[in-house]
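Notes to accompany the following structure.
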Amino acid sequence: MHEIGIANAIIEAGQTEAARRTGAKLLRIGVRVGTLSGVDNDALRFALTALTRGTDLDAVDFEIQTCLRRNRCLDCGSEFESGVYSEPCPGCASQRTKLVGGEELDLAYVEVEEP
Ligand SMILES: [Zn+2]
């Protein structure tokens, strides 16, 4: 379950952010996870909860935002959500599209309580 390693990195990034503001308390961490990133959201949430339980981060709230696969049409430039496989552009039916979203795995935001 590589979600444990990812959860660790998320928690560390949150702590680093909180440490930059002396005495600030971590409240909330938002994470963006693309549907193509290979990360299981439930497993990630479980790992985040398990790693923070009983620690001083017990009360931190984690928000996991799912990013759907997005393609951009190379002919008309419109962006659209697509399923697991490439789909033609809904605007002009072109097959020439480029993957522009769905592989995200990053920190969306870190909310801290100022002392
Ligand atoms: Zn198009």
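Counting from 3, one number per residue, gives the positions in the sequence shown under my numbering. Heads up, the beta-carbon is just placed ideally off N, CA and C, and yes, glycines get one too. In this text the structure is predicted, and so the values were computed from the model without any measurement.
| query | result |
| --- | --- |
| Buried versus exposed, by CB contacts within 10 Å (16 or more), residue 71 | buried |
| Under 6 Å, CB to nearest heavy atom of ligand 1: contacting residues | 75, 77, 78, 80, 91, 93, 94, 96 |
| When 107, 110, 12 are compared against residue 50, the one with the closest alpha-carbon | 12 |
| Burial state of residue 78, where buried means 16 or more other Cβ atoms lie within 10 Å | exposed |
| Option in 116, 82, 28 with minimal Cα separation from residue 94 | 82 |
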